[in-house]
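Protein sequences appear in the order of chains U and B.
Just so you know, numbering that gives the first Met the number 0 puts 149 at position 150 of the first sequence, and the rest follows in order with no gaps.
Just so you know, numbering that gives the first Met the number 0 puts 92 at position 93 of the second sequence, and the rest follows in order with no gaps.
Number of protein chains: 2
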Amino acid sequence: MNGRTPRGPRPSSIARVAGINYLDLGEHLGYALRRAQVASFDAFHRATAGLGITPPRFTALVILQANPGISQSTLGEVLGTARSGAMLLTDWLEARGFASRRHRADDGRAWGLYLTGRGERLIGRLRQRVRDYDRRFAARLGKREREQLLRFLERLSA
Amino acid sequence: MNGRTPRGPRPSSIARVAGINYLDLGEHLGYALRRAQVASFDAFHRATAGLGITPPRFTALVILQANPGISQSTLGEVLGTARSGAMLLTDWLEARGFASRRHRADDGRAWGLYLTGRGERLIGRLRQRVRDYDRRFAARLGKREREQLLRFLERLSA
DNA sequence: TATTGTTATACTCTATAACTATA
DNA sequence: TATAGTTATAGAGTATAACAATA
């Protein structure tokens with residue numbers, strides 16, 4: 000313990016409590032998805048401990064890396080949040096030197112968003128960590144099962 | 000439109016944005032789980048529209064039905080939240096006449112929580128609605144696929 | 001008129017910590 | 001001492017609405 004409390008939302012696992020009757024809750028896809036997602040978030044949190052990186056921030060870094068010059072509105076659309084949220088997220092990245100806003104030649108209203116060198120290095124390290132955590136988290140499934148699961152989830156999300 | 004804004008958290012879907020490069024984000028189990036969970040939450044929200052029922056509240060109702068006399072602390076444990084959160088949730092249920100607190104004979108500190116008749120009727124209707132929504136949501140999967148998915152998720156959550 | 005970014009505001013959820021009463 | 005419930009407080013996340021600048 001170092002006394003510092005992490006800032007982001009704390010993932011609290013949802014363990015099965017002994018002696019409790021859950022009825023058919025385990026048959027509900029929504030409940031099962033929620034439990035698995037919390038477990039995944041918990042693993043993500045441990046994998047990125049101390050960096051202040053949350054899943055949306057990680058996603059934003061990946062999207063900025065692959066789509067240099069993207070606007071805040073589009074970033075918000077990708078993340079599924081309102082413009083104002085995308086703006087706060089961009090503020091966070093910029094304040095830490097991971098991303099920069101540049102004026103666009105073609106549209107005076109919008110910013111173009113770019114990773115800085117520091118941001119590139121961060122996402123490089125993060126990619127590795129997140130890939131590792133994802134593999135460890137999925138270790139209870141076989142390779143084929145993991146692929147199957149991904150396809151199922153993709154079909155539900157489309 | 001009736002002008003009333005729903006109270007609970009609004010599920011905002013995470014659609015794929017055309018023209019955006021997502022790199023390998025789709026291969027991340029955490030990302031896929033999050034997207035599916037948001038889609039599921041969105042369907043749940045529509046299924047229970049107007050009732051103010053959120054997934055944790057639904058879970059609490061099921062747990063109270065199947066475990067009459069459960070304490071607030073244990074309910075919080077089941078939900079994966081702190082005691083204070085379980086208390087606010089119980090307040091919400093009690094204020095609407097869905098649940099009641101009764102003193103315990105064996106332990107003067109703890110409440111025993113029980114569904115009221117009104118709560119029983121609510122959970123009866125909700126069960127039906129939630130089961131329907133869950134089936135519709137999973138309609139993109141076959142029966143066997145749905146079962147497989149549930150087993151995969153269960154293994155990841157254990 | 002519509003859109004981008006911004007700002008202010010409000011609301012939900014949830015955690016922490018301190019307190020009380022019981023055990 | 002430890003636990004159940006309570007209360008107060010704080011923080012993160014995110015939505016809405018209004019506004020200025022630009023299209």
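All C-beta atoms, glycine included, are put in the ideal place defined by N, C-alpha and C.
In this structure, the beta-carbon distance from B:Ala137 to B:Arg150 does not fall below 8 angstroms. Contacts with chain U at 8 angstroms (Cβ-Cβ) do not include B:Glu119. Using a Cβ-Cβ cut-off of 8 angstroms, U:Phe97 is close to nothing in chain B; its nearest Cβ partner there is about 17 angstroms away.
Closer than 9 angstroms at the C-beta level to chain B, one finds these residues of the stretch 21-54 of chain U: Tyr21, Leu22, Asp23, Leu24, Gly25, Glu26, His27, Leu28, Gly29, Tyr30, Ala31, Leu32, Arg33, Arg34, Ala35, Gln36, Val37, Ala38, Ser39, Phe40, Ala42, Phe43 and Pro54. For B:Leu74, the enclosing alpha helix (DSSP H) covers residues Gln71 to Leu78. For U:Pro55, same chain residues with a beta-carbon under 8 angstroms away, outside a window of 5 residues either side, are Leu78, Thr80 and Leu88 in chain order. Going by DSSP, B:His44 is part of the alpha helix (DSSP H) stretching over Leu28 to Ala46. The C-alpha of B:Gly68 lies about 18 angstroms from the C-alpha of B:Gly84.
DSSP, reduced to helix, strand and coil, places U:Leu140 outside both helices and strands of the structure shown, so it counts as coil.
Think of a sphere of 9 angstroms around the beta carbon of U:Gln147: the chain B residues whose beta carbon falls inside it are Glu144, Gln147, Leu148 and Phe151, in chain order. In this structure, the alpha-carbon of B:Ala38 lies about 30 angstroms from that of U:Gly49.
CA-CA distance, U:Gly111 to U:Trp91, rounds to 16 angstroms. Under DSSP, U:Trp110 forms a beta bridge with U:His102.
Annotated three-state conformation of B:Asp23 is coil, per DSSP. Under the Cβ distance rule, U:Leu155 counts among the residues neighbouring chain B, one pair being separated by less than 8 angstroms.
If you draw a 10 Å sphere on the C-beta of B:Arg15, you find fewer than 16 other C-beta atoms in it, and that means exposed. According to the DSSP assignment, B:Phe57 belongs to the alpha helix (DSSP H) that extends over Pro54 to Ala65. Buried is the label assigned to U:Asn66, since at least 16 other Cβ atoms lie within 10 Å of its Cβ. With respect to the C-alpha of U:Arg128, the residue from U:Ile52, U:Arg33, U:Ala59 and U:Tyr113 having the closest C-alpha is U:Ile52.
For the pair B:Ser70 and B:Ala109, the CB atoms are nearer than the 8 angstroms cut-off.
Rounded to whole angstroms, B:Leu152 and B:Arg101 show a C-alpha spacing of 36 angstroms.
In this structure, DSSP gives U:Arg15 a state outside helix and strand, which the three-state scheme calls coil. Nearest to B:Ala157 by alpha-carbon distance, out of U:Ala35, U:Ala42 and U:Glu119, is U:Ala35. Across the set B:Leu125, B:Arg82 and B:Ala98, the C-alpha of B:Leu125 shows the shortest separation from the C-alpha of U:Leu24. By the Cβ neighbour-count rule, B:Arg120 is exposed, with fewer than 16 other Cβ atoms within 10 Å of its own. Look at B:Arg95 here: in three-state DSSP terms it is coil, with no helix or strand label. In terms of beta-carbon proximity, U:Leu114 stays away from the interface with chain B, with every pair separated by 8 angstroms or more.
With a threshold of 16 other beta carbon atoms within 10 Å, U:Gly18 falls short and is exposed.
Using beta-carbon distances, U:Arg139 counts as an interface residue toward chain B, with a partner under 8 angstroms. At least one C-beta of chain B is nearer than 8 angstroms to the C-beta of U:Ala65. Contact between B:Leu140 and U:Arg143 fails: their C-beta atoms lie close to 17 angstroms from each other, not under 8 angstroms.
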